[in-house]
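Colleague: Residue numbers (my numbering): 0 to 469.
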Ligand SMILES: Cc1cc2nc3c(=O)[nH]c(=O)nc-3n(C[C@H](O)[C@H](O)[C@H](O)COP(=O)(O)OP(=O)(O)OC[C@H]3O[C@@H](n4cnc5c(N)ncnc54)[C@H](O)[C@@H]3O)c2cc1C
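(1) Please work out which residues of its chain come closer than 6 Å, Cβ to Cβ, to residue 203, disregarding the five sequence neighbours upstream and downstream, and give them in chain order.
(2) With DSSP collapsed to three states, give me the class of residue 270.
(3) Could you give the distance in angstroms between the alpha-carbon of residue 27 and the alpha-carbon of residue 80?
(4) Taking residue 394 as the reference, give the member of 408, 367 and 341 with the closest Cα.
(5) Quick one: residues in its chain with C-beta nearer than 7 Å to the C-beta of residue 4, no 5 flanking neighbours on either side, listed in chain order?
(6) Quick check on DSSP: helix, strand or coil for residue 359?
(7) Pull up the DSSP beta-bridge partners for residue 260, would you.
(8) Going by C-alpha to C-alpha distance, which of 259, 295 and 270 sits closest to residue 470?
(9) Would you list the one or two residues that DSSP bridges to residue 314?
(10) Counting pairs of Cβ atoms below 8 Å between the segment 154-164 and the segment 383-399, do you hit three or more?
(11) Work out the CA separation of residue 425 and residue 189 for me, nearest whole Å.
(12) Determine, using beta carbons only, whether residue 94 and residue 47 come nearer to each other than 7 Å.
(13) Quick check on this structure: which residue in 457, 388, 195 and 222 has the alpha carbon closest to the alpha carbon of residue 137?
(14) Taking contact to mean at least 3 C-beta pairs separated by less than 8 Å, is the segment 237-253 in contact with the segment 314-334?
(15) In chain order, what residues of the same chain have a beta carbon less than 7 Å from the beta carbon of residue 247, not counting five sequence neighbours either side?
(16) Let me know the secondary structure DSSP gives residue 34 once reduced to three states.
(17) Report the residue ranges of all beta strand (DSSP E) runs contained in full by the segment 141-180; include only those spanning at least 3 residues, in chain order.
(18) Sort 440, 323, 412 and 366 by Cα distance to residue 468 and report the nearest one.
(19) Which class does residue 29 belong to by DSSP, given the choice of helix, strand or coil?
(20) Compute the minimum distance between the beta carbon of residue 117 and the heavy atoms of ligand 1, and state whether it is under 6 Å.
(21) Where residue 32 and residue 66 are concerned, what is the direct C-alpha to C-alpha distance, given to the nearest angstrom?
(22) Please name the residue, chosen from 451, 458, 409 and 210, that lies closest to residue 437 on a Cα-to-Cα basis.
(23) Quick check on the DSSP output: what are the complete beta strand (DSSP E) runs of length 3 or more inside the segment 290-346, in order along the chain?
(24) Cutting at 7 Å between CB atoms, please list the residues of its own chain near residue 10, excluding the five before and the five after it.
(25) State the DSSP-derived secondary structure class of residue 117, mapped to helix, strand or coil.
(26) Can you give the beta carbon distance from residue 199 to residue 291, rounded, assuming they're within the 8 Å contact cut?
(27) What residue range does the alpha helix (DSSP H) around residue 109 cover?
(28) Could you give the DSSP three-state label for residue 376: helix, strand or coil?
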């Protein structure tokens, strides 16, 4: 078993040793740095004692050796866009800010891969490979800021997962540093490798609890030559979900298939200060993209339009040019942050059910809406994957709403598990979803995970207090 707290104190001598390891200018203990690196997009947290910015893998290893020697907890951090508090210390200690590991090391056109340091911003990596006609499909809405290391640690998904899959499908190999300071290399540049357990995939989605990922080798695919984005509006969510069912039945696989409900549309329109984003009376909108060769795209676009119209779409817009496509996607990317115009507090859940059970998921959400006074529940997300972001918006000063949201949260997770789904499709557990893990994993499964953790991190210093209940 991994050992738990108590941890060693962060002494002046320990901080001096960190300064020696990474340079004094790359170590901060002031309140501003401690607070900034003590929170992520969850907006709840606990300050770090000290923040360090190593320059490279060797310095990451030196910091981890010191943390092991002094038994000080250490939390790897990418861009801090995580929604579950994963990059936030639960027990103080060191935040390992990886900003300086930000180089794209190689784009290998012959082998269809790229090698990047962990803090390369995902959107920058995509642009760099697209410049040579290649494509890295995973596209979390946070891609202008989130990092490839953070995406690997969370196994980030995005709209294109419907056709292309999530981050794990694109990770060929990793360089990572164990809590002991030892450096490991998993996988590699070949697409096949069955020697030993698959440590690469074990580290994908490990939320910074097993090792610090310093380099990532990603698989690339040819850039699809043509993309068309469609926006279909419906008066009800049910009709939009019917359109998705029609599409799946017609065996059309759009590269993206996103649903936005009426409340979410209202929030984006207010936040962006734009005119109405859809015709009057729109209860749900589907954002769809098809990609591939021009003739295939034209045919698939027609079939998508037909499936939407048969389900009762009130309008179907087709964006062929880049500017119009960008505008449609800007709305989608602005959603998450725009919801705050509806209420000051957002409790964000990214539940997922098997595709065929999406209608039952929306029935469940309707029941929660009816039973939760003072709580608005706008929903949007990757409906093609059955992965819906269910947002509970409320005023934290309203005790009735707070209690209603607490009850609705548990009811949501219990309902999801009953629908054969998962309590998190993308955002991970961090510390915010810890109490709900036993709804999905058995005691045996949790114990097995604890033993894997102990094999990597016997002193339990690497991002403790995350992923499974202590
Ligand atoms: C506006 C917005 C939209 C979002 N949209 C999506 C979306 O569409 N899909 C989606 O999946 N997520 C989404 N997210 C959540 C978030 O962006 C992802 O979880 C992302 O992968 C986090 O990357 P990051 O670099 O910010 O990592 P951080 O938040 O810094 O860290 C996340 C976790 O990874 C660990 N970690 C970070 N870097 C490393 C490393 N190098 N080695 C080991 N562990 C590491 C941390 O310890 C932490 O546990 C969104 C967030 C926001 C704010």
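Think of the CB as a built atom: it goes at the ideal place given N, C-alpha and C, for glycine as much as any other residue.
Modeller: The short version:
(1) Stepping through the chain shown from its first residue, residue 203 is reached at position 204. Only 151, 154, 167 and 170 meet the Cβ criterion.
(2) As a working note, residue 270 is residue 271 in the chain shown. Looking at residue 270 - three-state DSSP - the assignment turns out to be helix.
(3) For this step, residue 27 is matched to residue 28 along the chain shown. For this step, residue 80 is matched to residue 81 along the chain shown. Their backbone Cα atoms lie some 21 Å apart in a straight line.
(4) Here residue 394 refers to the residue found at position 395 when the chain shown is read from its first residue. Residue 341 is the option with its Cα nearest to residue 394.
(5) Here residue 4 refers to the residue found at position 5 of the chain shown. Apart from sequence neighbours up to five positions away, the residues of its chain that approach residue 4 with a beta-carbon distance below 7 Å are 90, ordered along the chain.
(6) For the purposes of this step, residue 359 is taken as residue 360 along the chain shown, with counting starting at 1. The answer is helix: DSSP assigns residue 359 an H, G or I state.
(7) Residue mapping note: residue 260 aligns to position 261 of the chain shown, counting from 1. In the DSSP secondary-structure assignment, residue 260 is bridged to 283.
(8) The shown model of the chain, from 0 to 469, leaves out residue 470, and the question about it has no answer.
(9) Counting from 1 along the chain shown, the entry for residue 314 is found at position 315. Looking at the DSSP assignment, residue 314 forms a beta bridge with 232.
(10) With a cut-off of 8 Å, the segment 383-399 and the segment 154-164 count as touching, because enough Cβ pairs lie within range.
(11) As a working note, residue 189 is residue 190 in the chain shown. As a working note, residue 425 is residue 426 in the chain shown. If I take the Cα positions, the gap works out to 27 Å.
(12) As a working mapping, residue 94 is identified with position 95 in the chain shown. As a working mapping, residue 47 is identified with position 48 in the chain shown. Yes, these two residues count as a Cβ contact at 7 Å.
(13) Taking the first residue of the chain shown as position 1, residue 137 is located at position 138. Nearest of 457, 388, 195 and 222 to residue 137, Cα basis: 222.
(14) no
(15) In the chain shown, residue 247 corresponds to position 248, counting from 1. Sequence-distant Cβ neighbours of residue 247 in its own chain, meaning closer than 7 Å and more than five residues away, are 354.
(16) Position 35 of the chain shown, counted from the first residue, corresponds to residue 34. Residue state, collapsed to three classes: helix.
(17) 170-176
(18) Here residue 468 refers to the residue found at position 469 when the chain shown is read from its first residue. Nearest of 440, 323, 412 and 366 to residue 468, Cα basis: 440.
(19) The residue given as residue 29 occupies position 30 in the chain shown. DSSP places residue 29 in coil when its eight states are reduced to three.
(20) As a working note, residue 117 is residue 118 in the chain shown. Answer for residue 117: yes, Cβ within range of ligand 1.
(21) On the chain shown, residue 32 is found 33 positions in, with the first residue counted as 1. On the chain shown, residue 66 is found 67 positions in, with the first residue counted as 1. Taking the straight line from one Cα to the other gives about 19 Å.
(22) For this step, residue 437 is matched to residue 438 along the chain shown. For residue 437, the nearest C-alpha among the options comes from 409.
(23) Counting only runs of 3 or more, we get 314-318.
(24) Taking the chain shown and counting its residues from 1, the one referred to as residue 10 is at position 11. So the list is empty, once near-sequence residues are dropped.
(25) Working through the chain shown from its first residue, we reach residue 117 at position 118. Correct three-state label for residue 117: coil.
(26) Position 200 of the chain shown, counted from the start, is the residue given in the question as residue 199. Position 292 of the chain shown, counted from the start, is the residue given in the question as residue 291. Actually they are not in contact, since the Cβ atoms of residue 199 and residue 291 sit about 29 Å apart, beyond 8 Å.
(27) Mapped onto the chain shown, residue 109 falls at position 110. Looking at the DSSP string, residue 109 is not in any alpha helix (DSSP H), and its letter there is neither H nor E.
(28) Counting from 1 along the chain shown, the entry for residue 376 is found at position 377. In this structure, residue 376 counts as coil in the three-state DSSP scheme.
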